[in-house]
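Residue numbers (our numbering), protein chains in the order written: chain G, 1 to 192; chain H, 1 to 192. To keep things clear, I will list the structure first and then write my remarks on it.
2 protein chains.
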Amino acid sequence: MNDDKRPRGRPQDADAAAAIKAATLQLVKERGYRNVSIAAIASAANVARQTLYNRWNTKADLVLEALFEETDLYAAAPLNDPSHGCQFLLERFLGQVFAHLAESGDTVRALIAAAQEDRAFQAVFKQRFVKPREEMVTALLQRAQARGEIAPSRDVAMLSSFVHGAFWYALLNGEPLDANLARAITAEVFRA
Amino acid sequence: MNDDKRPRGRPQDADAAAAIKAATLQLVKERGYRNVSIAAIASAANVARQTLYNRWNTKADLVLEALFEETDLYAAAPLNDPSHGCQFLLERFLGQVFAHLAESGDTVRALIAAAQEDRAFQAVFKQRFVKPREEMVTALLQRAQARGEIAPSRDVAMLSSFVHGAFWYALLNGEPLDANLARAITAEVFRA
DNA sequence: ATAATAAATAGACTGTAGTCTAGTAATTAA
DNA sequence: TTAATTACTAGACTACAGTCTATTTATTAT
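Below, the structure is given as structure tokens:
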């Protein structure tokens, strides 16, 4: 049931996408987003520059996909583990996010910057990066509220904005994203 | 006491800076940061392109200065007016910031993006934009805490990060910055 | 076989930020 | 008056993102 009718013309090179994404990841980690040109990626992947543009609209789209193919492998520890309190789960979650950003934070910053200059990419980025994380935290905070760890009067959606906002604010202003920050954010959200 | 010894060579054209900044503001508001080239600004100001680079390092530096020369005129309503509660003052302050961003928000977004791609500019932007606002809000929240409007246990620095973070997060994700947001942020910060 | 289709390639092209240089103009110091 | 100094101008130059086009190549449909 997988060999549906193949489409008409010449098929896409099956290996190209993987080679391109691998080259992208390697070069971006090595030199930083800014210092990697599309031409360099194409060359490293042994592919014509236009082939990249056949498959991705912009450099940002390509890097986002390459980065997320890798990142999605990191199965975050479950946020609904009932054997832990929600405060613990949030702090652990933030700690994991920050640990990952220690490696890829510069790239994420570049992608956020790219999103400010390109509406289409902003939508893609929001869909793939922003929304999922926001939903995870909001759901966790709702559970916390249902369990009485957060007062019923609190505005959970706004608290979720506080959490992500504090994280973006630190990231974009070049402040360290470490365990201290994860603890301070979490503690303040759960403070009576 | 103002006519100190003039420096050695040919003096800078006294009118050029004003003409350049005026052209910058007008073009950026008209077409958006992205769609204004340095060449277009130089041409509109009747000045050689290199003259811009004699005075500013990058497009972002120029736009920041042009924008702030205008913005600094907006004397924000005082944040330490003792005849109002701190909650009221914070909401009014955020309302003013958001109202101004309704006009210049796209430019500010572009500047934040530029700061992600240029360390030197990030430092300048932090100094001129980020720090002053952060200090105003932190001072206000400290006063609120001293007056008992905020519980002594709260971490005021983190609350300030929450406020700015929520605002950046909304701005950079294309969500509306309006009176509702100002009210929701403020209410949640002051919630018991 | 042949036609139709779509991907890949090479390379020209546009627009922009930022750098560099050579020449000219305005000013101070001697 | 002349030398030194600095700003301004014009324009060449580099590097890059993204677009476009002509050509070749791999595939399906007839």
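For each residue, glycine too, the CB sits at the ideal point set by N, CA and C.
- Taking a cut-off of 8 Å for Cβ pairs, the segment 109-118 of chain H and the segment 55-64 of chain H touch, as three or more such pairs fall below it.
- When secondary structure is reduced to three states using DSSP, residue 165 of chain H falls in the helix class.
- Excluding sequence positions up to five before and after residue 94 of chain G, its CB lies within less than 8 Å of the CB of 163, 167, 181, 182, 185, 186, all in the same chain and listed in chain order.
- The DSSP assignment places complete alpha helix (DSSP H) segments of no fewer than 4 residues inside the segment 23-50 of chain H at 38-44, in order along the chain.
- Taking 8 Å as the cut-off between beta carbons, the residues of the segment 120-139 of chain H near chain G are 122, 126, 130, in sequence order.
- Residue 92 of chain H places its beta carbon 9 Å or farther from that of residue 100 of chain H.
- By the C-beta criterion, the segment 42-50 of chain H is judged to be in contact with the segment 16-24 of chain H, since at least 3 inter-stretch pairs fall below 8 Å.
- Where residue 107 of chain G is concerned, the enclosing alpha helix (DSSP H) starts and stops at 86-116.
- In this structure, residue 149 of chain H and residue 190 of chain H form a Cβ contact; the two beta carbons are roughly 6 Å apart against a cut-off of 8 Å.
- Per DSSP, the continuous alpha helix (DSSP H) segment holding residue 71 of chain H begins and ends at 59-71.
- By the Cβ-count criterion, residue 98 of chain H is buried, with 16 or more other Cβ atoms from all chains shown falling within 10 Å of its own Cβ.
- Residue 79 of chain H carries a coil assignment under DSSP once its states are collapsed to helix, strand and coil.
- In this structure, the straight-line span from the alpha carbon of residue 157 of chain G to that of residue 141 of chain G is close to 9 Å.
- Taking every protein chain shown into account, the CB of residue 39 of chain H has fewer than 16 other CB atoms within 10 angstroms, so this residue is exposed.
- For residue 55 of chain H, the closest of H/13, H/32, H/128 by C-alpha to C-alpha distance is H/13.
- For residue 137 of chain H, same chain residues with a beta-carbon under 6 Å away, outside a window of 5 residues either side, are 160, 163 in chain order.
- Secondary structure of residue 55 of chain H (DSSP, three-state): helix.
- In the assembly as shown, residue 5 of chain G is an exposed residue. Its beta-carbon has fewer than 16 other beta-carbons within 10 Å.
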